[in-house]
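Read top to bottom, the protein sequences are chains U and A. Counting in the numbering used here, the first sequence runs from -12 upward without gaps. Counting in the numbering used here, the second sequence runs from 83 upward without gaps.
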Amino acid sequence: MSVAIIYAVALVERQFDHINPTTVALSMMVALLGIASQWGFIESMAASVAGTLCFNYYFLPPVGTWHIAELQNAVSFGAFAITAFIASRLSANARQREAEAITRKQEMELLYALSSSLMAIGRDRPAAVQISEHVALAFGFEGVLFYESDSNCFYQTGRKPPVTQEQLRESVEKGVILTGEGFRILPLLAGGKTVGSLALPAGSASRTAKQSIAHLAAIALDHARTQEAMSLAAAARQSEELKSAMLDALAHDFKTPLTSIKAASTALLAEANADDHELLEVITEETTRMANMVSDALEIARVEAGHFQPQQHRIEVARLIDGALERRTGRFLGHPIEVRIESGIAEVSADIRLIEMVIGQLVDNATKFSPPDSVIRIVAKQRGDFVFISVIDSGEGIAEEDRAHVFERFYRGKIARHRTPGTGMGLAIAKEIIRAHGGEIRVENSHGEGCEFVFSLPVYV
Amino acid sequence: MNTILVVDDEPQIRRVLRSTLSKVGYHVLEARSGEEALEKLHSSTPDLILLDFNMPRLSGLETCRAIRATQDTPIIMLTVRDAETDKVDALDAGADDYVTKPFGTPELLARVRAALRRAPMLPATTTLIRLGNVEIDFGAREVVGGEGHVRLTPKEFDLLWCLVAHANRPVSHRDLLREVWGPEYGGELEYLRVFVNHLRKKIESDASAPEFILTEPRFGYKLVLPGQQQAE
């Protein structure tokens, strides 16, 4: 085609008599520029050869022959060839840049669409699955393989790219891009950490676009994880708030009738005769005990939920122990309690109600596992910056295999399982409370000698 | 005869309180809600209010604040909550004292007596004192600040008096509680924290950097009376 155009130009110009060879050469040059910009290098080189031949044959004397001075022929061919080469390269570059710009624009549009769709992924399916699907759909990839390093899971969408799981892991571990025949594996970086890798098939998108896809996928995965963590935290908080509100309401409902009973019984007690006194005292004590049980249940629920902060105050050890025993009046019947407090013992820092609960729990346990009428001893001594309070019974002790587990939730020892009531929560709660105070609780003594539960509390500074 | 207004939505508790309080000689008024209590206070002036913490609609705290906006009548809050934050909330709302349900009648009666009790007045010679811009007339139980009349509740007044009576000397927590609230008190440090805070807000020019009512760490408080070594 290009040769035909040059030939046509030569024929047209031949029609004019006495035409200047320079004019012919210039017009051919213009035609050649047109051809070069339109079709490219090969076509324009063919046209430049044709132009040289036509110029020689028709316009250079002797006209109608191929014979001319060698130099003139070579100069015209050289001028045509150089023009053809430069013009074709320039136009080819311009066309390539235009094509690249169009591709980039299209990829930008696709990336924008991808980013919008990634922000809207739901929580009904794993985020990685949804990200892979959106990537494959947006860029028309045959298949995508997603590796999430935290869960060590692989998610495939469409046809599997020709990669191995080890390659995906390698990309994460080394944080590098791996390229092979028909695939490209990109590490997913979010917040300075590699959270996974993505294998994409070769072709279909530019390297830059693939890099951007990896960035978007990493951000989407990170975003989905954050959202999940936040909603879990919000759900947990709501559930805790609801539980707390319900327990408050229950405590109120239980304590209201107890208030009427206690106010009435204590009013009568003040002026009762000896016979009635004993009975009214039982009513009053049991009312108090029941109210304490309601309070304790509420505290236990709070401790169980793990959302409690002990309100530590300065208090004498003797007052703590007395308070605990007072709260449980009537429960230790048949078991003399012997309290021995080392002289000169320092005051401790404790949440009075919680520690009274712990002491009460330990004494309750001791009464459950001790023979009737046996003495339960409470001993307090100071060692350095801690005060150690022990509750010692004279029961059968705790079997070796049970001792490591007594502070676990719902764990009940062999003997307890069959003989005594309880949920197995008391000691677990006690451990939580003591730990929150910065102390420790443990059980000592061996099987057959009774057992000693001992816990420590920090000395008040 | 002192009149006590009992505000509780629980009829059985009102019944028991009416019976026990009447029996020891108090005249008892009743209200079933915070709203009813506020209405009753338009037509009557009780000497003491027993106010339930948990009530539907207008809560005990809201009722307490509403009463305090216009009146200085002593208020004892009755509640099933016994966390320290709840106590501080009640005292902050303007209650003078706090009794946890279920309570024994002797305990409640002791608290009622303590709330009704007035600290004896200062001798006439020191009735009028000045702390910065604030002038306090203990005889008339009046406080006048730079911006006019400052209202103190009776317990706030008693606490201020107790500090003035021991001016320029530290007074222990226990002594303050026993003198202002009564001999049964002594460990309720949160009462002092809240009431001293109230006093500082009303008397000091900057409550966060007090000039007159100073904290004596781990001991108590001291009132600095300018130009006087010790109050007589």
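Beta carbons: idealized from backbone N, C-alpha and C, even for Gly. Only a predicted model underlies this, so the values are computations on that prediction, with no experimental measurement involved.
Could you please give the first and the last residue of the uninterrupted alpha helix (DSSP H) stretch that includes residue i?
i	result
U:Glu325	From DSSP, U:Glu325 is part of no alpha helix (DSSP H) but of the beta strand (DSSP E) over Ile324 to Ile328.
A:Thr161	From DSSP, A:Thr161 is part of no alpha helix (DSSP H) but of the beta strand (DSSP E) over Ile157 to Thr161.
U:Tyr(-6)	Ser(-11) to Arg1
A:Phe239	Pro236 to Ala247
A:Ser125	Gly116 to Ser125
U:Gly310	Val304 to Arg314
How many angstroms separate the CA atom of residue i from the CA atom of residue j?
i	j	result
U:Thr52	U:Ala79	36 angstroms
U:Pro445	U:Ile339	13 angstroms
U:Ala257	U:Leu267	10 angstroms
U:Ala220	U:Asp240	30 angstroms
U:Asp372	U:Asn352	28 angstroms
A:Asp240	A:Val262	6 angstroms
A:Gln312	U:Phe442	With a pLDDT of 45 at A:Gln312, under the threshold of 50, the predicted position of this residue should be treated as unreliable, though the coordinate-derived value follows. Distance between the alpha carbons of A:Gln312 and U:Phe442: 49 angstroms.
U:Gly382	U:Cys438	7 angstroms
U:Arg91	U:Gly178	27 angstroms
U:Gln298	A:Thr182	18 angstroms
U:Ser158	U:Ala205	14 angstroms
U:Glu273	U:Arg306	22 angstroms
U:Phe67	U:Ile200	47 angstroms
U:Glu286	U:Leu341	8 angstroms
A:Val106	A:Asp178	22 angstroms
U:Arg404	U:Ile416	Bear in mind that the predicted position of U:Arg404 carries a pLDDT of just 49, short of 50, making it unreliable; the figure below should be weighed with that in mind. Distance between the alpha carbons of U:Arg404 and U:Ile416: 18 angstroms.
U:Gly190	U:Ser138	29 angstroms
A:Arg223	A:Ala247	15 angstroms
A:Thr127	A:Glu118	14 angstroms
Is there a C-beta anywhere in chain A that falls below 8 angstroms from the one on residue i?
i	result
U:Lys242	yes
U:Ser218	no
U:His264	no
U:Gln154	no
U:Ala337	no
U:Thr354	no
U:Ser247	yes
U:His424	no
U:Thr274	yes
U:Thr253	yes
Does residue i come within less than 8 angstroms of chain U when only Cβ atoms are used?
i	result
A:Phe185	yes
A:Pro188	yes
A:Leu99	yes
A:Glu92	yes
A:Glu293	no
A:Val88	no
A:Ile158	no
A:Glu298	no
A:Thr155	no
A:Phe301	no
A:Thr102	yes
A:Asn279	no
A:Ile95	yes
A:Val110	no
Specify, as a first and last residue, the run of the beta strand (DSSP E) that residue i falls within.
i	result
A:His280	It is not in any beta strand (DSSP E) - A:His280 instead sits in the alpha helix (DSSP H) that spans Leu271 to Ile285.
U:Ser377	Phe373 to Ile379
U:Pro445	Glu439 to Pro445
A:Glu298	Ile295 to Glu298
A:Glu217	Val216 to Asp219
Have a look at the options and flag the residue whose alpha-carbon is nearest the alpha-carbon of residue i.
i	options	result
U:Ser103	U:Arg112, U:Thr90, U:Gln117 and U:Arg91	U:Gln117
U:Ile332	U:Ser191, U:Tyr447 and U:Glu227	U:Tyr447
A:Ala289	A:Ile86, A:Leu99 and A:Val276	A:Val276
A:Leu140	A:His124, A:Lys284, A:Arg114 and A:Pro156	A:Arg114
U:Val(-10)	U:Val11, U:Gly38 and U:Ser14	U:Gly38
U:Glu523	U:Gly109, U:Ile363, U:Val374 and U:Thr275	Residue 523 of chain U is absent from the structure shown; chain U starts at -12 and stops at 448.
Does the distance between the C-beta of residue i and the nearest non-hydrogen atom of the ligand NAP fall short of 7 angstroms?
i	result
U:Leu97	The ligand NAP is not among the ligands present in this structure, which contains no ligands whatsoever.
For residue i, which residues of its own chain have a beta-carbon under 8 angstroms away from its beta-carbon, when the five flanking residues on both sides are left out?
i	result
A:Ala172	Phe135, Gly142, Leu143, Cys146, Met159, Thr161 and Tyr180
U:Arg194	Arg171
A:Gly176	Cys146, Arg147, Ile149, Arg150, Ile157 and Thr235
U:Ile420	Val290, Pro297, Asp338, Leu341, Ile342, Met344 and Val345
Ignore the nearest five residues each way along the sequence and tell me which others in residue i's own chain have a CB closer than 6 angstroms to its CB.
i	result
U:Glu427	Ser443
U:Ser119	Val131, Phe133, Tyr142 and Thr144
U:Glu388	none
U:Gly183	Tyr134, Glu135, Ser136 and Leu175
Considering only residues of the same chain and omitting the five flanking positions on each side of residue i, which have a CB-CB separation below 7 angstroms?
i	result
A:Gly228	Asn215
U:Asn432	Gly384, Cys438 and Glu439
A:Leu190	Val181
U:Leu20	Thr70 and Ala74
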